[in-house]
Amino acid sequence: MLRKLKNSLFLIYIVLATFLVTLPLFHIIFSVFINGFPVILKAGLSFLTETLPPPGEELAGIGPAILGTFILTFLSSLIGIPIATLAGIYAAEYPNSFFSRATRTLLLVMIEFPTILVSLFVMSIVVLPMGRFSAIAGAIALVIVMMPYVAVYTEQALKSVPERYREAAYALGLKRKQVVFRVMFSIARKGIVTGFLIGIAKAAGETAPILFTAGGAYRTFFIGLDKPVGAIPLLIYDLVQQPYSNYHEIAWGSALILLIVFLAIFIPVRLSVREVKL
Amino acid sequence: MNAFEVRNLRVSYDDFEIISGIDLDIPAKTCFAIMGPSGCGKSTLLRTFNRLIEINENARVSGIIKLFGKNIFEIETSELRRRVGMVFQIPNPFPHLSVYENVAVGPKFNKMVKNKKELDKIVEWALKKAVLWDEVKDRLRERASNLSGGQMQRLCIARALALKPEVLLMDEPTANLDPISASKIEELIHELKKEYTMVIVTHSPSQASRIADYVAFLYLGKIVEIGRVEDVFENPKHELTEKYLTGRIG
Ligand SMILES: Nc1ncnc2c1ncn2[C@@H]1O[C@H](COP(=O)(O)OP(=O)(O)OP(=O)(O)O)[C@@H](O)[C@H]1O
Ligand SMILES: [Mg+2]
Numbered sequence: 000m001l002r003k004l005k006n007s008l009f010l011i012y013i014v015l016a017t018f019l020v021t022l023p024l025f026h027i028i029f030s031v032f033i034n035g036f037p038v039i040l041k042a043g044l045s046f047l048t049e050t051l052p053p054p055g056e057e058l059a060g061i062g063p064a065i066l067g068t069f070i071l072t073f074l075s076s077l078i079g080i081p082i083a084t085l086a087g088i089y090a091a092e093y094p095n096s097f098f099s100r101a102t103r104t105l106l107l108v109m110i111e112f113p114t115i116l117v118s119l120f121v122m123s124i125v126v127l128p129m130g131r132f133s134a135i136a137g138a139i140a141l142v143i144v145m146m147p148y149v150a151v152y153t154e155q156a157l158k159s160v161p162e163r164y165r166e167a168a169y170a171l172g173l174k175r176k177q178v179v180f181r182v183m184f185s186i187a188r189k190g191i192v193t194g195f196l197i198g199i200a201k202a203a204g205e206t207a208p209i210l211f212t213a214g215g216a217y218r219t220f221f222i223g224l225d226k227p228v229g230a231i232p233l234l235i236y237d238l239v240q241q242p243y244s245n246y247h248e249i250a251w252g253s254a255l256i257l258l259i260v261f262l263a264i265f266i267p268v269r270l271s272v273r274e275v276k277l
Numbered sequence: 000m001n002a003f004e005v006r007n008l009r010v011s012y013d014d015f016e017i018i019s020g021i022d023l024d025i026p027a028k029t030c031f032a033i034m035g036p037s038g039c040g041k042s043t044l045l046r047t048f049n050r051l052i053e054i055n056e057n058a059r060v061s062g063i064i065k066l067f068g069k070n071i072f073e074i075e076t077s078e079l080r081r082r083v084g085m086v087f088q089i090p091n092p093f094p095h096l097s098v099y100e101n102v103a104v105g106p107k108f109n110k111m112v113k114n115k116k117e118l119d120k121i122v123e124w125a126l127k128k129a130v131l132w133d134e135v136k137d138r139l140r141e142r143a144s145n146l147s148g149g150q151m152q153r154l155c156i157a158r159a160l161a162l163k164p165e166v167l168l169m170d171e172p173t174a175n176l177d178p179i180s181a182s183k184i185e186e187l188i189h190e191l192k193k194e195y196t197m198v199i200v201t202h203s204p205s206q207a208s209r210i211a212d213y214v215a216f217l218y219l220g221k222i223v224e225i226g227r228v229e230d231v232f233e234n235p236k237h238e239l240t241e242k243y244l245t246g247r248i249g
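Sequence lines, in order, name chains A and B.
Anchor point for the first sequence: position 98 equals 97 in numbering that gives the first Met the number 0, and the numbering is continuous, going up by one each time.
Anchor point for the second sequence: position 37 equals 36 in numbering that gives the first Met the number 0, and the numbering is continuous, going up by one each time.
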């Protein structure tokens, strides 16, 4: 009797705790929808395609920011994911080598590293020498931010594959490359793809890394890798600091777009990559 | 003709010597059992025969092992492992692959086939050889992890056979199976030894006596006794062997 009571108290406690922890998340999603949806409804489809209006009544659109986010995310993923995946594989395959230990420590430091400092760093080595903000500077900063996530997830995913499958692969005469890329990689794919997604989501959602690097451009579309480029999070950050009410509305609309982009990256791939039952 | 000739074999992990100077001959197309108590080095010994031991960075091997007269340390590892197949204690079919793909993976990656038709033929042949075909011929596309433990182990045998090996190493292949599945594997071993050299590790003397022609009793990294099964089981020369056979060690 007492045990039953204890059990149900425990259950209530867990449900309550879960609720409290997830409350802010739902609150964010909820308020973004409530505030953002009417804006997009009012602006219509052109919200996705038009450029930023002057202060005043108009809503127009955030086309350059959306395109900018896609370009920055694509570029940084293109550079960051392959390098980071190889680093993760290296750390998992040679766990005892000095280089691998150093890599692992470095990656963990990089994950904790304040992203604003990454932004400053890239500003000093790319933006200042080039003399202007640019898409490539923004992408480099995002590469630095996303890589440790991708690498650490890859390493962990590979390490979680039981040794018996590696042995089986070697026992069939497979070469090391085949064992790693054809066997271990496929068995661990769910974890590895999750790492890719987290990296991509970071690149699409982070503001600080691009603050001093990408520059932002909202009245013109993408004009070149060496020219400033906008991004949705950066636009939101800029708009909320301005005193104009149409800019605040656009910021809410942008937040909803960012959320949708985020969910659109995450949900389908999460669902489509089948987990390997070990 | 001997499949394996082993002389003064020593294996250590870091500074611990696990196999301390072993000599043995394994005649071709027989079933050779290596028995001994837990931790005596049976798996370590078996894994030197296909040099799988080398994936452990801390392992050191010295001595001579010849496969049909040729030094195995001069054979490229992938070739050696194609010729000397291995089946493990825990059935380990690849969980991300189907039944078919599990058998096909060896021939495919080792570029032993030219087209899909040849591959189909090898897969069917290997599954029949492992007495699994009838049970899985309608389930070839299913994940291997859907099979029962005994079926998985026979799938692993088929996977090894698909490479057309000369020798099959088995490390306690029935240790994780129910008695019925285990006896199916034992029957299969009886069939396979007509064509292949079988080297089987077991911790069970009774299994050794059922399946093997020759047996070696390994204790603390040394061979205590070796010979034909009848001889070793009927008149063990060493007190230690007798103790082991009567269940007083291990
Ligand atoms: N990779 C390794 N590194 C260090 N020591 C190891 C390693 N693998 C095995 N050993 C040690 O070597 C000894 C022999 O191990 P082995 O697996 O060969 O024994 P076994 O006879 O197969 O035992 P079991 O019947 O339990 O499978 C054990 O003491 C084990 O702890
Ligand atoms: Mg063992």
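Ideal Cβ positions, reconstructed from N, Cα and C, are used throughout, including at glycine.
A quick note: this is a predicted structure, and the numbers were derived from the prediction, not measured.
{"Item": "CB contact check: A/Ala90 to chain B, cutoff 8 Å", "Value": "no"}
{"Item": "At least 3 beta-carbon pairs within less than 8 Å: the stretch 202-217 of chain A vs the stretch 61-72 of chain A", "Value": "yes"}
{"Item": "Beta-carbon separation (whole angstroms), A/Glu268 vs A/Gly194, contact threshold 8 Å", "Value": "The amino acid at residue 268 of chain A is misidentified as Glu; the sequence shows Val. No, A/Val268 and A/Gly194 are not in contact; Cβ-Cβ is about 12 Å, not under 8 Å."}
{"Item": "Sub-8 Å separation of A/Thr114 and A/Val144 beta-carbons", "Value": "yes"}
{"Item": "Exposed unless 16 or more other CB atoms sit within 10 angstroms - verdict on B/Asn254", "Value": "Because chain B spans 0 through 249 in this model, residue 254 of chain B falls outside it and cannot be assessed."}
{"Item": "Cβ-based contacts, 9 Å cut-off: residues of the stretch 103-137 of chain B near chain A", "Value": "Val104, Gly105, Phe108 and Asn109"}
{"Item": "A/Phe36, buried or exposed, once every other Cβ within 10 Å from all chains shown has been counted against 16", "Value": "exposed"}
{"Item": "Sub-8 Å separation of A/Ala170 and A/Thr72 beta-carbons", "Value": "no"}
{"Item": "Test: A/Gly198 CB closer than 8 Å to a CB of chain B", "Value": "no"}
{"Item": "Contact set between A/Lys174 and chain B, taken where Cβ atoms lie within less than 7 Å", "Value": "Ser77"}
{"Item": "A/Ile197 versus B/Thr47 - alpha carbon distance", "Value": "42 Å"}
{"Item": "Buried/exposed call for B/Ser255, threshold 16 Cβ in 10 Å", "Value": "The structure shown does not extend to residue 255 of chain B, since chain B spans only 0 to 249, so no value can be given for it."}
{"Item": "Those residues which DSSP pairs with B/Met34 across a bridge", "Value": "B/Thr201 and B/Phe216"}
{"Item": "Short CB-CB distance (under 8 Å) between B/Ile64 and chain A", "Value": "no"}
{"Item": "Selection of the stretch 181-206 of chain A by Cβ proximity to chain B, strictly under 8 Å", "Value": "Arg181, Val182, Ser185, Ile186 and Arg188"}
{"Item": "In DSSP terms, what B/Tyr12 is bridged to", "Value": "B/Phe15 and B/Ala58"}
{"Item": "Own chain, CB closer than 7 Å to B/Lys192, minus 5 neighbours either side, in chain order", "Value": "Lys28, Thr29 and Cys30"}
{"Item": "contact_flag[the stretch 166-181 of chain B, the stretch 125-132 of chain B] where n(CB pairs < 8 Å) is 3 or more", "Value": "no"}
{"Item": "Distance cut-off 7 Å: B/Asp170 Cβ against heavy atoms of ligand 2", "Value": "yes"}
{"Item": "A/Ile222, DSSP secondary structure in three states", "Value": "coil"}
{"Item": "Exposure label - A/Ser75; buried when at least 16 CB within 10 Å", "Value": "buried"}
{"Item": "Ligand 1 heavy atom lying under 7 Å from the CB of B/Cys39", "Value": "yes"}
{"Item": "Proximity below 8 Å, CB of B/Arg50 to CB of A/Gly172", "Value": "no"}
{"Item": "Extent of the continuous beta strand (DSSP E) run through B/Tyr133", "Value": "In the sequence on display, residue 133 of chain B carries Asp and not Tyr. Looking at the DSSP string, B/Asp133 is not in any beta strand (DSSP E); the run it does join, the alpha helix (DSSP H), is Trp132 to Val135."}
{"Item": "Contact under 8 Å by Cβ, B/Leu273 with B/Gly38", "Value": "The structure shown has nothing for residue 273 of chain B, since chain B only spans 0 to 249."}
{"Item": "Nearest candidate by alpha-carbon position, reference B/Gly226, set B/Asn1, B/Gly20, B/Glu16 and B/Asp24", "Value": "B/Asp24"}
{"Item": "Validate contact between the stretch 27-47 of chain A and the stretch 241-254 of chain A using beta carbons, cut 8 Å, 3 pairs", "Value": "yes"}
{"Item": "Short Cβ contact (8 Å threshold) for A/Gly130 with A/Ser159", "Value": "no"}
{"Item": "Environment of B/Thr245 [buried if 16+ CB atoms lie within 10 Å]", "Value": "exposed"}
{"Item": "Close-in-space but distant-in-sequence residues of the same chain around B/Asn91 (CB under 7 Å, 5 per side omitted)", "Value": "Cys155"}
{"Item": "CB contact flag (B/Ala32, B/Gly84, <8 Å)", "Value": "no"}
{"Item": "Rounded Cβ spacing between B/Leu8 and B/Ile64 (contact assumed at less than 8 Å)", "Value": "7 Å"}
{"Item": "Three-state class that DSSP yields for A/Ser45 in the structure shown", "Value": "helix"}
{"Item": "Beta-carbon neighbours of A/Ala101, restricted to chain B and to distances below 7 Å", "Value": "By Cβ distance, chain B contributes nothing, its closest Cβ being about 18 Å from A/Ala101, past 7 Å."}
{"Item": "Where the beta strand (DSSP E) through B/Val86 begins and ends", "Value": "Val83 to Val86"}
{"Item": "Contact test: B/Ile54 Cβ vs ligand 1 heavy atom, cutoff 7 Å", "Value": "no"}
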